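Peer 1:
Numbering (our numbering), first residue to last: 189 to 450.
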């Protein structure tokens, strides 16, 4: 009986020891491993969510950049890489309609070289200084005076031309314009001067018939004829961007030739 009790006690002690050992082992070894596993799983989940968020932001950024793709179209509205003669003529025609002038004749020249413009004459202040110097120094030699006059004279012919602007070309429209009042002409010139496309009014001069020499021309009552020359520019070295040049929409006429579209 005593040995049975002892055996039972030993068994209980051994069972408690085993349970204690298992608890100690779980606390010392298994629990940290399980916690590390849970932490790793949580980190992996967070990383996956971060990756998804970054991918979504990247996709949105790509779409935004695609919507903002920079092209040369807006720049070519001012300086195209091809002549766009049709649009230039349309701009002139629009200026004609808005200002109320009448286009009698127009000729067009293309592929003209562009030059830098030299100073045409001395500034007014310089001219005045030269004049004062002449009054105060009358004893200067004729040679010095001739040099001064040579410096002051206006440039004539092609003397205004500086260096050629490489790659730049212009097309020039020479127009005979008829107006009823000077105000219409001024409006026409203002419209040309304010075109989106870079343009330059080369010259404007009054023309009249020989029969008008001896009579007075009254503004608002007589027709006034002017010759206007205006140029627009283009830059052929970048002709590979021609597909980005501004396009004009034209109605379809199957029975008519479209010279500007060929």
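In this text, a Cβ means the ideal position worked out from N, Cα and C, and glycines have one as well. Quick caveat, the model's predicted, so the values are computed rather than measured.
Hey, how far is the Cα of residue 215 from the Cα of residue 209?
Peer 2: Their backbone Cα atoms lie some 10 angstroms apart in a straight line.
Peer 1: Hey, out of 260, 299, 413 and 203, whose CA is closest to residue 366's CA?
Peer 2: Among 260, 299, 413 and 203, the Cα nearest to that of residue 366 belongs to 413.
Peer 1: Determine the contact status of residue 292 and residue 284, defining contact as a CB-CB distance below 7 angstroms.
Peer 2: Not in contact: residue 292 and residue 284 (Cβ atoms no closer than 7 angstroms).
Peer 1: Rounding to the nearest angstrom, what Cα-Cα distance links residue 241 and residue 247 in this structure?
Peer 2: Their Cα atoms are separated by approximately 10 angstroms.
Peer 1: Mind checking whether residue 358 and residue 300 have CB atoms under 7 angstroms apart?
Peer 2: Yes, these two residues count as a Cβ contact at 7 angstroms.
Peer 1: Just the Cα atoms here: how many angstroms apart are residue 425 and residue 355?
Peer 2: Answer to the nearest angstrom: the Cα atoms are 6 angstroms apart.
Peer 1: Going by DSSP, what residue range makes up the beta strand (DSSP E) through residue 178?
Peer 2: The first residue shown for the chain is 189 and the last is 450, placing residue 178 beyond what the model contains.
Peer 1: Just mark residue 219 as buried or exposed, buried being the case when its beta carbon has 16 or more other beta carbons within 10 Å.
Peer 2: Classification for residue 219: exposed.
Peer 1: Residue 386 by DSSP, collapsed to three states: which one?
Peer 2: The answer is coil: DSSP assigns residue 386 none of H, G, I, E or B.
Peer 1: What three-state label does DSSP hand residue 411 in the structure shown?
Peer 2: DSSP places residue 411 in coil when its eight states are reduced to three.
Peer 1: Considering Cα atoms alone, identify which of 258, 192 and 297 is closest to residue 277.
Peer 2: Comparing Cα positions, the closest option is 297.
Peer 1: How close, in whole Å, do the beta carbons of residue 379 and residue 286 come, if the pair is a contact with beta carbons under 8 angstroms?
Peer 2: Residue 379 to residue 286, Cβ: 6 angstroms. Contact.
Peer 1: Helix, strand or coil, according to DSSP, for residue 435 in the structure here?
Peer 2: Coil at residue 435, not helix or strand.
Peer 1: The beta strand (DSSP E) that contains residue 302, what's its start and end?
Peer 2: Residue 302 -> beta strand (DSSP E) spans 290 to 305.
Peer 1: Check the DSSP bridge columns for residue 192 and list the partner residues they point to.
Peer 2: Per DSSP, none; premise fails for residue 192.
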